[in-house]
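Accompanying notes for the structure given below.
In the working numbering, the protein residues as written are -7 to 186.
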């Protein structure tokens, strides 16, 4: 059986990598409660990591590797078309030449991280809310005084919201005194971003 070639963005592998490894990961944090036990918290959804190893062979082997390295240097996710797994938006997370490249032979390793949640910021809060009007939460955007308002989605954490907007978690907590427990925010809740 002949498999379709692997592709990412504009790069198509001349022949598929020899080895694939698929890992399933979940983001989890452990918090120590003062004078109490540890509490574990999920920080968003699970995702897959696709790793592999292959070779480029022939007169243009090193040129092929350089072309793949140029794709790696491009920012943002792209569509990863794998010969076996369903196509996914993914980030090109790592590329490594495993041994000294020769003009006619390059062994390499790669790693892709699945982007199931639009981690690149390509999904704008305003667009999502306008598309889902009537969801009960206030629309995202600017509040009085130049502050932004983030409407919590399923899987959001205050730490992730702070990172998304580039603010300190302590500043986010000060701007939202209505949040009594920073480990519990709910979909539809409005969070002011200073």
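Glycine is no exception: its CB is placed at the ideal position from the N, C-alpha and C atoms.
Just so you know, these numbers come straight off a predicted model, no measurement behind them.
Residue i (DSSP reduced to helix, strand or coil)
{"i": "residue 66", "result": "coil"}
{"i": "residue 162", "result": "helix"}
{"i": "residue 94", "result": "strand"}
{"i": "residue 43", "result": "strand"}
{"i": "residue 83", "result": "strand"}
{"i": "residue 89", "result": "strand"}
{"i": "residue 60", "result": "helix"}
{"i": "residue 100", "result": "strand"}
Whole-angstrom distance between residue j and residue i, CA atom to CA atom
{"i": "residue 86", "j": "residue 39", "result": "16 Å"}
{"i": "residue 186", "j": "residue 169", "result": "13 Å"}
{"i": "residue 157", "j": "residue 101", "result": "33 Å"}
Outcome for residue i when other beta-carbon atoms lying within 10 angstroms are tallied against a minimum of 16
{"i": "residue -4", "result": "exposed"}
{"i": "residue -2", "result": "buried"}
{"i": "residue 4", "result": "exposed"}
{"i": "residue 6", "result": "exposed"}
{"i": "residue 143", "result": "buried"}
{"i": "residue 11", "result": "exposed"}
{"i": "residue 110", "result": "Because residue 110 sits at a pLDDT of 45, beneath the cut-off of 50, its placement in the model cannot be relied upon, and the following sentence gives the value as read from the coordinates. Per the 10 Å Cβ criterion, exposed."}
{"i": "residue 70", "result": "buried"}
{"i": "residue 68", "result": "exposed"}
{"i": "residue 178", "result": "exposed"}
Delimiting residues of the alpha helix (DSSP H) encompassing residue i
{"i": "residue 12", "result": "Element bounds for residue 12: not the alpha helix (DSSP H) but the beta strand (DSSP E), 11 to 17."}
{"i": "residue 189", "result": "No answer is possible for residue 189: the residues shown for the chain start at -7 and end at 186."}
Residue interval of the beta strand (DSSP E) (run including residue i)
{"i": "residue -4", "result": "Residue -4 -> no beta strand (DSSP E), and no H or E assigned at all."}
If we count Cβ pairs, one from each stretch, closer than 8 Å, do we get three or more for the stretch 166 to 185 versus the stretch 145 to 156?
Yes, they touch.
Pair every Cβ in the stretch 46 to 63 with every Cβ in the stretch 75 to 82, then say whether three or more of these pairs are closer than 8 Å.
no
Does the stretch 89 to 107 come within contact of the stretch 46 to 54, defined as at least 3 CB pairs closer than 8 Å?
yes
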